[in-house]
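Take a look at the structure set out below.
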Amino acid sequence: MALDDDIRILGSVGLFESFTPEQLRLLAFGAERLVLRAGRELFREGQSADCGYIVVSGNITLFHDADEGRIAIRPVGPGAMLGEMALIAQTTRLTGALAEEETEVIRISRAIFRRILEEYPEAAASLHAHISK
């Protein structure tokens with residue numbers, strides 16, 4: 001997909017809705033597209049988290065690991081943001097995430113996100129307002 005498609009997708013995510021086109025372009029340029037086969041884990045519960053993901057297509061099930069096996073929590077689809085807090089702070093994954101079908105995601109690293117916040121203080125202010133809601 002083209003950079004413009006990624007910019008449009010990122011702009012539709014609540015966390016980034018107040019970002020300017022220039023900020024979205026930088027975010028999209030630094031992002032990475034991943035395609036997951038059905039049955040592949042995107043991440044595991046308890047794993048260190050250093051990025052967030054936006055589901056572009058397909059479906060992912062969030063789950064907890066238990067003694068009796070995986071317990072599905074909920075499905076998420078296109079437009080969903082996973083790991084939002086990992087963009088802001090060091091954290092671990094609270095759930096696992098499994099692709100139910102071929103699924104495409106956009107991966108945003110904490111480093112690129114922080115760089116945008118450092119270069120654009122107004123983006124940091126809008127992020128603070130979003131988190132405070």
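Okay, so the sequence shown: first residue is 1 according to UniProt numbering, each after it adds one.
The beta carbon of each residue, even a glycine, is placed where N, CA and C say it ideally should be.
- G46 carries a coil assignment under DSSP once its states are collapsed to helix, strand and coil.
- Judged by pairs of C-beta atoms under 8 Å, the segment 18–25 does not touch the segment 47–64, as fewer than three such pairs exist.
- Following the DSSP letters along the chain, one finds F63 inside the beta strand (DSSP E) bounded by residues I60 to A66.
- Counting only residues of its own chain and dropping the five nearest sequence neighbours on each side, F29 has a CB closer than 8 Å to the CB of L3.
- The continuous beta strand (DSSP E) containing R107 extends over residues T103 to S109.
- The three-state reading of DSSP puts E17 in coil, since its state is none of H, G, I, E or B.
- Under DSSP, M81 takes part in a beta bridge, and its partners are I54.
- Contact between the segment 98–118 and the segment 27–47 is present, with at least three C-beta pairs closer than 8 Å.
- Under a 10 Å Cβ-count criterion, A123 is classified as buried, with 16 or more other Cβ atoms of the shown protein chains found around its own Cβ.
- In the structure shown, the three-state DSSP call for I116 is helix.
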